[in-house]
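Presented below is the structure to which this report refers.
Residue numbers (this note's numbering): 5 to 1000.
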């Protein structure tokens, strides 16, 4: 609270001088008192006689929300009278005096005057003439109040005073606005305000010490008349505050009791309604409203009926008034239905009438409905004027609609949704009949005339993109119009007119166009159509718009034309690529280098063209199936027209594999292979490709043997061999399973494909131990059957399952449909763990790990793939991107996807761990030891006797094609061979002998 004090001291220092404020004179205790000062807000209509320029003239004036003080004492009453009326009438809450809240009791000053005494005071006025303004006088006895209403508003202020030497400082601020005033006087310490020249008055805006809100204009005049602070206490003591205490309120909840108390404070009396007076007031008011409905409003007294409504609200009968008005309005609407609407209902059948006759009846009913609405709206406007005081005071506090809004609600319920008569049905039918008979045919006829000529104009001055853009603008504009102020049934025939006159006649001409340009690359080696120009520029917005518009006509006249045009364009481009590389494929290139160059050029151009249309299909055409089919057919056509396509594709792959994809990342290599395979799919003679690819593969393998020795390709050939044998082995296993199934009705019904890999050929790491992985019973039984089958054919071998490298196809039943999921083997194990859970049941991370036996690193990867990737088969709680041991998971029964078969990609593992890297290094080192020992034995077997340095040199030379061994490593292998008795030292200790 007392943040106010330093602010006042600062202002006083500026006003009274620093020698006074900083002199150290003892100050009295700082006192502050929050007050509520009474004020009246007045509405009135007054008639009186004006004397202007020597003549009398009748005058009527309406005073809206005028403000009058409710307290005789100055200067408080005069200070408040300067406020803007709108600002004063704002509701008030105690928060406006928040700095003083809880520190002081807020003192509410009583009302000591009322504006309802004004008529009596004017009647007793001793003057015959009062000057209102220069040249304008009024006879007070001629004043007649047609209407006078007042409601109280309490103004919150706080008052502070303290002394400094012989100066008495008084501060006054409004509790709701940010205006602040300080008074100080030198010679009269007990006087609050004095008008002598020695008095000092300072007004400050925006005080920094208090957080005051809003604010009226600053006071520009001195406040006159003296009033000591003690007088405020005297006022309170003279009045019974227990009876007259008024809390801060808005105009919405004033009661007659308040008015009565204010009158007592000024020694005046109100005429209290006698018992039954409110019934009499309502009877008179309801009779007046019936006259309004009877079109006799001109004979009524507005002031008298306004007073009846006002008195009912003030005397706490606002609810009776509101409900009574609702009943009157409802009864009148029901009367209008019976008297004006029902007789105008059109007959349900023709009864010998023609359609025109039905339409005329419908038109008459619509006109009657409009008359009823006009009657209701006019009556409600007059009633609303009579009960404005009720709308302002009662409806907000009772939380009911104002009477005009209530009238709209009743019109909806009693007329449009009437239960007495099917008005809504008749209204819809009649309007539709008139609309369909007269208006819609004219709209469609005028539209045909306009768009038939408009299409020809647009075709002459616009290219394909601009033309289609204008067509879409017209279609959207017509749809907006039909949805806004026409029948929505008109939308379809109107759109058909636009399509018929703006699009259908010109589709082929638009797509072909008349423009051509010189080729800038092999891809655009032929003169282009208008569609090709947009495709070359990759104008995705325009191409997407073309597809949207061409889907509107019938297929033969729309999308089929677009497909044909695009397919022809691709085939023409493909022919140009074929001719550039091979002149139609008639003559092969003379040498291998030229053939490779031709294959590289052909594949590069084909892939570039394929990439172009793939981008457009994704970004412009949204994967439109019909367009994708046309693209595939076009590529298949021109690729198979090149007789050397199979050779070119094989050469392209061979060349990149020989170069080892130098300078490319693994991701780039995979992308290139995938793109090449996408072209390979278009080849019809795949057996020709197989012949070329086998020849190129054989050359690569032989070349590798020549350069690096047999050991270099041995493992690669072993991997190919394992794949071939695994295919044969799987076929044999399926026959074995069939025999087992015939003997065992409980045999596993799954189709399992296994690949048996030689451990020395395949780079399979064993860092992550998956041997403890717990397979589901059905999978475990199938694995046991395979082991039984395999060990029966091969003795002395051992199988070690690698579930981390497998995959599985499983069918999952979701809420809306079944999906076939392609997942990794470990992901399958995780999903099957939820097979026995209820819908929505959650499993903790530890429970899943216990059920599956999958190590942390692998389990987190596969849970992330199933719960955090594109296809969320599981729900993760909480829904974060990373998986932690505190998470829980549940089966996503509500999962949906457009495709029936879905491939769930496993989240790629992070960079190789230290343990994995160490295992790799150990394997490489072990292999190098064996290779070094084998090389030493081969050399010594051939030479029989060699010196140490010669042996080191020869071994280094032979192993350099594989790796570069260091002498120390070779020496260690020599020592190991000596221990194994393959070698022995010579007598000079500097040479070695080979032991047979």
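All C-beta atoms in this analysis are idealised placements derived from N, C-alpha and C, irrespective of residue type, glycine included.
*asked:* For the alpha helix (DSSP H) containing residue 315, name the first residue and the last one.
replied: 306–318
_One question on the structure: do residue 856 and residue 778 come within less than 8 Å of each other, judged by their Cβ atoms?_
yes
*Does DSSP classify residue 766 as helix, strand or coil?*
coil
*Skipping 5 residues on each side, what residues in its chain have a beta carbon closer than 6 Å to that of residue 128?*
none
*Shortest alpha-carbon distance to residue 287 belongs to which of 306, 303, 298, 316?*
316
*Counted within 10 angstroms of its Cβ, other Cβ atoms place residue 602 as buried (16 or more) or exposed*: buried
*If we ignore side chains and look at the alpha-carbon of each, how far apart do residue 997 and residue 941 end up?*
11 Å
*Kindly indicate the opening and closing residues of the beta strand (DSSP E) around residue 813.*
811–817
*Entirely within the segment 951–986 and at least 3 residues each: give me those beta strand (DSSP E) ranges in chain order.*
none
*Nearest-angstrom Cα separation, counted from residue 494 out to residue 444*: 7 Å
*asked:* If contact is defined by three or more beta carbon pairs under 8 Å, each pair taking one atom from either stretch, is the segment 935–951 in contact with the segment 891–907?
replied: no
_Reference residue 636; option with closest CA among 660, 43, 677, 685_ = 685
*So, is residue 562 buried or exposed, given that buried needs 16 or more other C-beta atoms within 10 angstroms?*
buried
*Just to confirm, does residue 836 get its C-beta within under 7 Å of one of the non-hydrogen atoms of the ligand HEM?*
The ligand HEM is absent from the structure shown, which contains no ligands of any kind.
*CB residue 892 to CB residue 937, shorter than 8 Å?*
no
*With DSSP run on the structure shown, which of helix, strand or coil describes residue 375?*
helix
*Please classify residue 203: does DSSP put it in a helix, a strand, or coil?*
Annotation note: pLDDT 32 at residue 203 (below 50); position unreliable, coordinate value reported separately. In the structure shown, residue 203 sits in coil (DSSP, three-state: anything other than H, G, I, E or B).
*For my contact list, residue 62 and residue 51 are in at a C-beta cut-off of 8 Å; report their separation, rounded to the angstrom.*
7 Å
*Pull up the DSSP beta-bridge partners for residue 894, would you.*
846, 879
*Taking the continuous beta strand (DSSP E) assigned at residue 542, which residues delimit it?*
Here residue 542 belongs to no beta strand (DSSP E), and DSSP marks it neither H nor E.
_Just to confirm the assignment, what range does the alpha helix (DSSP H) spanning residue 905 have?_
Here residue 905 belongs to no alpha helix (DSSP H); instead the beta strand (DSSP E) covers 905–907.
_Taking its Cβ as the centre, do 16 or more other Cβ atoms sit within 10 Å of residue 347, making it buried, or is it exposed?_
exposed
*Whose C-beta lies closer than 6 Å to the C-beta of residue 326 among residues of the same chain, with five residues either side of it excluded?*
none
*Cβ-Cβ separation, residue 977 to residue 907 (assumed contact under 8 Å), whole Å*: Not quite, the Cβ-Cβ distance comes to about 48 Å (not below 8 Å), so this is no contact.
*Would residue 824 be called buried (16 or more neighbouring beta carbons within 10 Å of its own) or exposed?*
exposed
_Start and end residues, alpha helix (DSSP H) containing residue 498_ = 495–502
*Give me the Cβ distance between residue 895 and residue 838, rounded to the nearest whole Å; I'm assuming they're in contact under 8 Å.*
4 Å
*Buried versus exposed, by CB contacts within 10 Å (16 or more), residue 554*: buried
*asked:* Am I right that residue 834 and residue 814 are in contact with their C-beta atoms under 8 Å? What's the rounded C-beta distance?
replied: Incorrect: roughly 11 Å between the Cβ atoms, too far for contact.
*asked:* If I measure Cβ to Cβ from residue 332 and keep anything under 7 Å in the same chain, skipping five residues before and after, which residues do I get?
replied: 290, 293
*Cβ pair count under 8 Å reaching 3, the segment 510–518 against the segment 495–502*: no
*asked:* Between 409, 854, 726, which has its C-alpha nearest residue 776's C-alpha?
replied: 854
*When we look at the beta-carbon of residue 477 and count the other beta-carbons within 10 Å, is it buried (16 or more) or exposed?*
exposed
*Which value, in whole angstroms, describes the spacing of the CA atoms of residue 548 and residue 463?*
20 Å
*According to DSSP, what are the bridge partners of residue 70?*
46
*Where DSSP assigns a beta bridge to residue 757, which residues make up the other side?*
None, per the DSSP bridge assignment.
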